[in-house]
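These notes concern the structure reproduced below.
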Amino acid sequence: LPLPPGWSLLGSKWTSSTDLSPQETLLHFSARRGLSRVTRFLLQQPGAREALQLANREGHTPSAIAASRGHEHVHQILTKTGTNAEADKATEAVPLVSGEAWVFCHLPTLNTHTLTVKVQPGCEAPTLQKSVEHLLHSITHLHTK
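Using this note's numbering, the letters of the sequence shown map in sequence onto residues 765 to 909.
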């Protein structure tokens, strides 16, 4: 799902120096409704780390909302992400220097691996063989850690 440049869970006017006042975010909404797939998607978006810690006007974080509504699976996703330093590092943006971008994603709860390839205009697209080899290499590397 392509999002507009500068989009963040915290709003389009958010910057890292912005003072975060209590507000309802999409992460609060997905936690309230027990939407685990939406929650996982939102946790990969800009502003996710900050939104995890942000209380709404009632003083509840997304994790607290999920727990209070009995959405244990969503609560676990939010809690694990909030305490997992590796997940925080993995969501940081990396500047691209080549004509293509490879994004590897592992969703252990679904036992799924995906590889998304974006090719810049004017650059040659990788072959299917190269894409499959890259995916297999990424899976092997992930499971040997």
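Every residue, glycine too, gets a C-beta built ideally from N, C-alpha and C. Note that the coordinates shown come from a computational prediction; the quantities given were computed from them, not determined experimentally.
6 Å Cβ shell around residue i - same chain, five flanking residues per side excluded
i	result
V867	T880
H824	none
Pairwise C-alpha distance: residue j and residue i
i	j	result
K853	G886	Low local confidence applies: a pLDDT of 42 at K853 is under 50, so the model's placement there is unreliable, and no value is given.
H839	Q809	18 Å
I903	T873	15 Å
I841	R801	10 Å
A795	P890	38 Å
N820	A828	11 Å
H835	L818	19 Å
P786	G798	21 Å
S895	Q884	16 Å
G811	R833	24 Å
H898	K882	14 Å
Residues sharing a beta bridge with residue i, DSSP
i	result
L879	F868
Close Cβ partners of residue i (< 7 Å) along its chain, the five nearest in sequence each way excluded
i	result
N906	One detail in the question is off: residue 906 reads as Leu in this sequence, not Asn. Contacts found: H870.
L806	L773, L790, L791, S794 and A812
For residue i, the nearest candidate out of the options (CA to CA)
i	options	result
T876	L790, L900 and L807	L900
Same chain only: Cβ atoms within 8 Å of residue i, ignoring 5 sequence neighbours per side
i	result
E788	N820 and R821
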